[in-house]
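Step one of this worksheet: look at the structure below.
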Amino acid sequence: MPPRPGVALHTDATLPTAVQHLVRQIADGNNPHVQFAYREMRFPRGTQPHNTSTDDLEVRKSITIEFRGTPRGTLICHLFNDGSIKTREQMHAEINHRVAMDRHLAAEEARFPTLNQTVARLEAQRYMKSQIQALRNDGTRSIMSKQVEKSNIEMRYRAFLQAQALARQAAAAAAAAAAAAAAEPAPIATSASAATKKKGDKKKNKSRK
20 MPPRPGVALH TDATLPTAVQ HLVRQIADGN NPHVQFAYRE MRFPRGTQPH NTSTDDLEVR
80 KSITIEFRGT PRGTLICHLF NDGSIKTREQ MHAEINHRVA MDRHLAAEEA RFPTLNQTVA
140 RLEAQRYMKS QIQALRNDGT RSIMSKQVEK SNIEMRYRAF LQAQALARQA AAAAAAAAAA
200 AAAEPAPIAT SASAATKKKG DKKKNKSRK
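Numbering-wise, this note's numbering comes out as the position in the sequence shown, counting from 1, plus 19.
The structure is reproduced here in structure tokens:
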């Protein structure tokens, strides 16, 4: 994107130095995450990086930027301290995706009530969220350290979900095998057993004579 000289007029002097650098990158057209035209940039919620209230699983700090005069009107975005940007709509879309996944898992778990997976999953999910919450409020860690640890926490949770999925597959296979066994017809008499029965009938007839 081309530089936007007018943006410098809206750069607040109270911005931390690192954030000023990120804002300057945007103003100069050097931030790859800002690929849209806009007229001006403002900071409606202060100039100090803070934990976002939109997504409580986001460990990066951000400032809120208001891009005015874009082709889509005014855009409210979060500028994170690693230089990336997300619009409010993108963050809500990610949250909605997680909600949809939870509903899908609940529906799958309901097919196998004896496994009691929903209770276990919600407990594991609460534990994961509590770990991420503690991580995002830890002022002693760098942003890179937080992101690496968050990735590890989420990886462990995904492994738990995968184990549950395998348990459902095993339960489904066992149920299918049991249903197939129940549907098998009763065994019919073999030729040998039929011949034995015939001989027995002849002996009975002779004894009657």
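Glycine is no exception: its CB is placed at the ideal position from the N, C-alpha and C atoms.
TODO: Give me the Cα-Cα distance between residue 34 and residue 89, rounded to the nearest whole angstrom.
DONE: 23 Å
Open item on the list: So, for residue 96: in the same chain, excluding its five sequence neighbours on each side, which residues have a beta-carbon less than 6 Å away from its beta-carbon?
Closed with: 84, 104 and 106
Task: CA-to-CA distance, residue 184 to residue 170, given in whole angstroms - done: So the alpha carbons of these two residues sit roughly 21 Å apart.
TODO: Taking 8 Å as the cut-off, decide whether the C-beta atoms of residue 162 and residue 101 are in contact.
DONE: yes
TODO: Less than 8 Å between the CB atoms is what I'm expecting for residue 131 and residue 187, so what's the real figure, rounded?
DONE: 5 Å
Open item on the list: Mapping the DSSP letters down to three states, classify residue 130 as helix, strand or coil.
Closed with: coil
TODO: Could you spell out the range, first to last residue, of the beta strand (DSSP E) harbouring residue 177?
DONE: First-last for residue 177: 162-202, but that is the alpha helix (DSSP H), not the beta strand (DSSP E).
- [ ] Using DSSP bridges, identify the partner residues of residue 87.
- [x] 59
- [ ] Return yes when the Cβ of residue 179 is within less than 8 Å of the Cβ of residue 126, no when it is not.
- [x] no
Task: Nearest-angstrom Cα separation, counted from residue 81 out to residue 54 - done: 19 Å
Task: Under 8 Å between C-beta atoms of residue 110 and residue 74 - done: yes
Task: Extent of the continuous beta strand (DSSP E) to which residue 94 belongs - done: For residue 94, the uninterrupted beta strand (DSSP E) run begins and ends at 92-99, by DSSP.
Task: Per-residue DSSP class, three states only, for residue 26 - done: Residue confidence for residue 26 is low, a pLDDT of 49 falling below 50, so the modelled location carries little weight; the figure read from the coordinates is stated next. Three-state result, residue 26: helix.
- [ ] Given a cut-off of 8 Å, decide if residue 134 and residue 195 are closer than it, judged by their beta-carbon atoms.
- [x] no
TODO: Kindly list the residues whose CB is nearer than 8 Å to the CB of residue 38, restricted to its own chain and excluding five residues on each side of it in sequence; keep chain order.
DONE: 66, 68, 82, 98 and 100
TODO: Within its chain, find whatever has a CB closer than 7 Å to the CB of residue 8; leave out the 5 residues flanking it on each side and keep chain order.
DONE: The structure shown does not extend to residue 8, since the chain is modelled only from 20 through 228, so no value can be given for it.
Open item on the list: Taking 7 Å as the limit between beta carbons, can you name the residues of its chain near residue 168, skipping five residues before and five after?
Closed with: The answer, listed in chain order, is 154.
- [ ] Mind checking which residues open and close the beta strand (DSSP E) that includes residue 137?
- [x] That residue, residue 137, is in no beta strand (DSSP E); its alpha helix (DSSP H) goes 136-155.
TODO: Return the CA-CA distance between residue 182 and residue 165, expressed in angstroms with no decimal places.
DONE: Per the coordinates, the alpha-carbon of residue 182 lies some 26 Å from the alpha-carbon of residue 165.
TODO: Would you tell me roughly how many angstroms separate the C-alpha atoms of residue 201 and residue 138, rounded to the nearest one?
DONE: Approximately 32 Å between the Cα atoms of the pair.
TODO: Note down, in chain order, each residue of its chain lying with its Cβ closer than 6 Å to the Cβ of residue 175, except the 5 sequence neighbours on either side.
DONE: Closer than 6 Å at the Cβ level, and outside the excluded window around residue 175, lies no residue.
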